[in-house]
Amino acid sequence: MNHVAVDLGTRSYEVRIGEGLIARAGAEIAPILRRKRVAIVTDETVAAAHLPALTAALQAEGIASSSLALPAGEGTKNWHNLARCTEWLLEEQVERRDVVLALGGGVIGDLVGFSAAILRRGVRFVQLPTTLLAQVDSSVGGKTGINTAQGKNLVGAFHQPSLVLADIGALDTLPDRDLLSGYGEVVKYGLLGDAAFFDWLETHGPALRHGDTAARLRAVTRSVEMKAGIVSRDETEEGERALLNLGHTFCHALEKATGYSDRLLHGEGVAIGCALAFELSSRLGLCSQEDPSRVRAHLRSMGMKVDLADIPGDLPGAEALVTLMGQDKKVIDGRLRFILARGIGAAFVAEDLPGDAVLQLLRDALGGR
Numbered sequence: 001m002n003h004v005a006v007d008l009g010t011r012s013y014e015v016r017i018g019e020g021l022i023a024r025a026g027a028e029i030a031p032i033l034r035r036k037r038v039a040i041v042t043d044e045t046v047a048a049a050h051l052p053a054l055t056a057a058l059q060a061e062g063i064a065s066s067s068l069a070l071p072a073g074e075g076t077k078n079w080h081n082l083a084r085c086t087e088w089l090l091e092e093q094v095e096r097r098d099v100v101l102a103l104g105g106g107v108i109g110d111l112v113g114f115s116a117a118i119l120r121r122g123v124r125f126v127q128l129p130t131t132l133l134a135q136v137d138s139s140v141g142g143k144t145g146i147n148t149a150q151g152k153n154l155v156g157a158f159h160q161p162s163l164v165l166a167d168i169g170a171l172d173t174l175p176d177r178d179l180l181s182g183y184g185e186v187v188k189y190g191l192l193g194d195a196a197f198f199d200w201l202e203t204h205g206p207a208l209r210h211g212d213t214a215a216r217l218r219a220v221t222r223s224v225e226m227k228a229g230i231v232s233r234d235e236t237e238e239g240e241r242a243l244l245n246l247g248h249t250f251c252h253a254l255e256k257a258t259g260y261s262d263r264l265l266h267g268e269g270v271a272i273g274c275a276l277a278f279e280l281s282s283r284l285g286l287c288s289q290e291d292p293s294r295v296r297a298h299l300r301s302m303g304m305k306v307d308l309a310d311i312p313g314d315l316p317g318a319e320a321l322v323t324l325m326g327q328d329k330k331v332i333d334g335r336l337r338f339i340l341a342r343g344i345g346a347a348f349v350a351e352d353l354p355g356d357a358v359l360q361l362l363r364d365a366l367g368g369r
């Protein structure tokens, strides 16, 4: 098991990464409990795969538990299910000193974390991420929230977990598409700040995809190390943390355009967004023409979505997508901030882009629309 610290003073916590952590969850969580009782929120798919093992692990340590299983899917991150989750926790008489467990992927982690943030003005929670995407990204850093009609993650709070248990054994239960979606976030870390990690992924990515435990452990650990370092220096995204949004401005607009549906998973949107960000950087003369080609080649070799044409169904035109970007959380004074790159591993925040550069890029990607 690897341990990564997220250093935030009195709110510091540890991310533990390894196999079998769900089966050992009782022993891992017991030291932070003030009474031997927890409330678990998960989704129906994850509950079938992992809830029995979790409850057994808790029982082995004498920890009582109750559970709520919400519907699976991005559509769950809404006002209705936030209310349902929060009201259930109140009905379970969860107190401020208690701990809520979020068992699942990024949707559950984001929603349950937000519910914990607002319940009794803040209760503690533990992240047990079961997807690659959640293990390397959304479970670490304290960003919680829900989607609204206006866009993705526009309502939420910064609320740090007390502990993260990333059981890489849970990745064995993921469909290949979901694993690859999470890989989109893994690649992002190499692209934004660690060229050597991207080099390693080019060689070992296929092994990770096909179940190599050592490759998965290293990829998850390195991704968490990078995110933990950035979050420790910039918890509320005043500066450096914005780099973690590489590819996300494009991604969030595409997710909105596809109705947060199975047409486009979040990590797929991130991968497409990273390819677009590097293409835009190349067009602006910031990086070499070889860099976007290398990014696209690796994503394609992993069997991932790379182009807008890879998204099934119709997409709105370029101007409509740019309008959707206007609701992005990174808008400041009405101006979009994009994460661009001077090369692989060298991302930076750009605020003063030529007005037509993004529009022309999207028009070209959409075949002229």
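The opening position of the sequence shown corresponds to residue 1 in this note's numbering, with each subsequent residue numbered one higher.
Backbone N, C-alpha and C fix where the C-beta goes; we use that ideal spot for every residue, glycine too.
Counting only runs that start and end inside the region 72-149, the alpha helix (DSSP H) elements of at least 4 residues fall at 79-91 and 106-118.
Under the three-state reduction of DSSP output, Ile-339 falls in the strand class.
If you check the CB distance, Val-126 and Ser-162 come in under 8 angstroms. Within 10 angstroms of the beta-carbon of Arg-233 lie fewer than 16 other beta-carbons, which makes it exposed.
The DSSP-derived three-state label of Val-38 is strand.
Between Ser-223 and Val-136, the gap from beta carbon to beta carbon is short of 8 angstroms. In the three-state reduction of the DSSP assignment, Asp-194 falls in the coil class. Within the same chain, Cβ atoms closer than 8 angstroms to the Cβ of Glu-44 are found at Ala-69, Leu-70, Pro-71 and Ala-72, the five residues on either side in sequence being excluded.
Closest by C-alpha distance to Pro-175, out of Ala-23, Gly-273, Ala-49 and Ile-17, is Ala-49. Annotated three-state conformation of Tyr-13 is strand, per DSSP. When the beta-carbon positions are compared, Leu-324 and Lys-256 come within less than 8 angstroms of each other. Counting along the chain, the unbroken alpha helix (DSSP H) around Leu-51 starts and ends at 44-60. One alpha carbon belongs to Ala-30, the other to Arg-216, and they sit about 27 angstroms apart.
The criterion of a C-beta distance shorter than 8 angstroms is satisfied by Gln-160 and Tyr-13. By the CB criterion at 8 angstroms, Gly-141 and Asn-153 fall outside the cutoff. Bounds of the alpha helix (DSSP H) holding Gly-26 are 25-29.
About 15 angstroms separates the beta carbon of Leu-353 from that of Leu-321, a gap too long to meet the 8 angstroms contact definition. Taking the C-beta atoms as reference points, Gly-18 is found nearer than 8 angstroms to Asn-2. Shown here, His-3 sits in a strand according to DSSP, grouped into three states. The Cβ-Cβ distance between Ala-277 and Ala-341 falls below 8 angstroms. When the Cα atoms are used, Val-6 and Phe-158 turn out to be separated by approximately 14 angstroms.
The three-state secondary structure of Ala-346, taken from DSSP, is coil. Leu-68 has Val-41 as its beta-bridge partners, per DSSP. In this structure, Leu-246 keeps its C-beta atom at 8 angstroms or more from the C-beta atom of Ala-346. For Asp-167, the three-state secondary structure derived from DSSP is strand. Of all alpha-carbon atoms in Leu-165, Ala-102 and Leu-179, the one lying nearest the alpha-carbon of Thr-131 is that of Leu-179. In the DSSP assignment, Gly-151 is bridged to Thr-148. In the DSSP assignment, Lys-227 falls within the alpha helix (DSSP H) that extends over 213-233. Leu-359: member of the alpha helix (DSSP H) spanning 357-365, first to last residue. Within the same chain, and ignoring the five residues on either side of Val-4 in sequence, the residues whose Cβ sits closer than 6 angstroms to its Cβ are Val-15, Val-224, Glu-225 and Ala-228. Rounded to the nearest whole angstrom, the C-alpha separation of Thr-76 and Asp-262 is 13 angstroms.
Excluding five sequence positions before and after Gly-343, the CB atoms of its chain that fall closer than 8 angstroms to its own CB belong to Ala-195, Cys-287, Ser-288 and Asp-291, given in chain order.
In this structure, the beta-carbon distance from Gly-211 to Asp-172 falls below 8 angstroms. Spatial neighbours of Ser-181 in its own chain (CB-CB distance under 7 angstroms, excluding positions within 5 residues in sequence) are listed in chain order as Leu-133, Leu-265, His-266, Gly-267 and Glu-268. Assignment of beta-bridge partners to Ala-157 by DSSP yields Thr-144. Here Gly-205 carries a helix assignment [DSSP, helix/strand/coil].
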